[in-house]
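Quick note: the sequence shown uses my numbering, first residue 691, plus one each step. Since the structure comes first, as structure tokens, the remarks are kept for the end.
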Amino acid sequence: MSAEPILAVRSDAAALGWVKDAVLFRRGVAIADLGSREVVLVDSLGQVTARQGGEGYGPEEYVSLTGVARHGEGLVAWDAYHFRFTFLDGAGKHVGEAAMHGEMPERHDPTLLGTFADHALVELRRPVILSGPPDPARAREDVHFLVVSLRTGEIVQRVIRPGEEWWAARLGPYATHFPIVFGHNILSAVAGRAWYLVDMGSLLLDRYEEDGAHSSVEFEHDPVPAEDVWVEAVIDSIRGEVNGRQLGPLEFSDGTVIDRRGVSSALLDAPLPARAHLPAVSALKGSPDGLLWIREFPLPTSDSVLWVALDEHLRMERRLRLSSDVHVMDFDEDLVLVLAESEAGAAMLEVYAALPPDQPSPDSQEAEASARE
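This is how it looks when you write it as structure tokens:
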């Protein structure tokens, strides 16, 4: 990846409120600004070329603008409150809408993962719900992956998988939970005209075609044992985060009052479970050229992490080694979109040029040499 960004978009300079989502678009960036409830288009020179939307309940407005994705020559914006897709042309102008409809779980947090052909992939994660005794217990959320027709809004395919692993406790109507250390989760992404699922704990990859056809392939990998010092470091980090929160009492309509800090502290005082091995992968991203980018799970002692791109035949096409603290939001051909932070603490989107496939970075060459050894 290039040492310096070829495009930088500062949230203060572009008058952005809350960058909730962003994708590469026409060598620039399309941004879902949850603060202003606007889709903001920035060109390759860093100039804002369009703002569409605003807060409201009517057409061309948004209540919870949480996603934006490429679709053909234009864009699709996602309002998680209305379960509504808004279609924009290449200039950012409104050209239509479609509301998603069909059976959905009662509790959900809908996220737009991308579009392929005339479909969108929406993820619904159900929060952990405990119905048993109040003792701490393992729990795992259900994740619904819904393929939705962008023409009709109808759900045409549904895949349900176990999601993130939690260590949870219930006290009356209140439940609190923390992720199991090095626990597993389910990841998904759209790449080209297909979408993919992978569980973090393995390299079993599921591919779903436009027509609903499904295939699976499992890649070999050597699990890395989770060392005790790494586990303790994660637990200490969680404890520090909880202790830093302003957690006051929580009162319910029936008069029940819960000491949230006490429940959280008691849960952390119990032996917090940890997986014996590190997960295999930590992120999944797709690009419109059909490449599926898989991020390995970084070693706690390493300051870099490897991204591997697979083509539509699941053959390795590219490798990219980045700093482990780089937050990649999108790939598109030879560009990488990164969410960063300015020296003043403002959110900033940066676009970098990726090296051509026949010119691997020195770090990638070194990694390949180590793998062969």
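Just so you know, even glycine gets a beta-carbon here, dropped at the ideal spot from N, CA and C. No experiment lies behind these values; they were computed from the predicted model shown.
Counted within 10 angstroms of its Cβ, other Cβ atoms place residue i as buried (16 or more) or exposed
i       : result
Asp1048 : Residue placement at Asp1048 cannot be trusted, given a pLDDT of 47 that sits under 50; the coordinates are not used to answer.
Gly1035 : exposed
Arg1005 : exposed
Ser927  : exposed
Ser1032 : exposed
His798  : buried
Leu1010 : buried
Val766  : buried
Thr866  : buried
Asp912  : exposed
Arg828  : exposed
Ala903  : exposed
Asp769  : buried
Glu899  : exposed
Gln1055 : Bear in mind that the predicted position of Gln1055 carries a pLDDT of just 44, short of 50, making it too unreliable to give a figure here.
His1003 : exposed
Pro939  : exposed
Val919  : exposed
Pro915  : exposed
Tyr747  : exposed
Asp1024 : exposed
Asp1020 : buried
Residue nearest to residue i in terms of C-alpha spacing, selected from the options
i       : options                            : result
Trp856  : Thr842, Glu694 and Val871          : Val871
Ala884  : Leu958, Thr805 and Ala960          : Thr805
Leu714  : Val753, Thr756 and Gly764          : Gly764
Arg965  : Arg1005, Ser892 and Ser994         : Ser892
His834  : Val849, Trp708 and Val1018         : Val849
Glu728  : Ala789, Ile845, Met890 and Ala704  : Ala704
Ala923  : Val971, Thr866, Met890 and Thr991  : Thr991
Arg816  : Glu854, Arg1011, Leu887 and Leu724 : Glu854
Val1065 : Asp993, Ala827 and Leu802          : Nothing about residue 1065 can be read from this structure; the chain reaches only from 691 to 1063.
Val921  : Leu968, Leu894 and Pro826          : Leu968
Pro800  : Tyr898, Ala827, His784 and Val838  : Val838
Gly736  : Asp769, Ala698 and Tyr747          : Ala698
Tyr752  : Tyr771, Arg760 and Gly762          : Tyr771
Glu750  : Arg929, Glu694 and Lys783          : Lys783
Glu910  : Leu895, Leu731 and Val919          : Leu895
Ala759  : Asp901, Tyr747 and Val730          : Val730
Pro852  : Thr842, Gly873, Phe868 and Asp918  : Gly873
Ser972  : Gly762, Leu989 and Gly757          : Leu989
Gly757  : Phe773, Tyr747 and Met794          : Phe773
Asp1022 : Val914, Gly980 and Gly762          : Gly980
Val846  : Ser726, Met790 and Glu908          : Met790
Glu745  : Ala859, Val732, Gly725 and Val888  : Gly725
Met794  : Leu887, Arg897 and Asp832          : Asp832
Asp889  : Asn875, Arg897 and Asp901          : Asn875
Any non-hydrogen atom of the ligand FMN closer than 7 Å to residue i Cβ
i      : result
Ala767 : This structure simply doesn't include the ligand FMN, nor any ligand for that matter.
Residue j beta carbon less than 8 Å from that of residue i
i       : j       : result
Ala999  : Arg1008 : yes
Ala1037 : Ser754  : no
Phe775  : Ala807  : no
Ala740  : Ala781  : yes
Ala881  : Ser977  : yes
Val1041 : Ile696  : yes
Ser692  : Gly718  : no
Asp723  : Val738  : no
Gly792  : Glu844  : yes
Ala932  : Leu958  : The sequence shown places Val at residue 932, not Ala. Yes, they are a contact pair.
Glu796  : Leu803  : no
Leu974  : Ser906  : no
Leu840  : Ala788  : yes
Ser1014 : Val1028 : no
Pro960  : Phe987  : The sequence shown places Ala at residue 960, rather than the Pro named in the question. Contact flag unset, no.
Integer-rounded CB distance, given that residue j should sit under 8 Å from residue i
i      : j      : result
Ala712 : Leu982 : In fact, because the Cβ distance is near 20 Å, the residues do not count as touching under 8 Å.
Gln742 : Leu778 : 6 Å
Within-8 Å CB hit, residue i to chain B
i      : result
Phe777 : Of the protein chains in the structure, only one exists, and it is not chain B.
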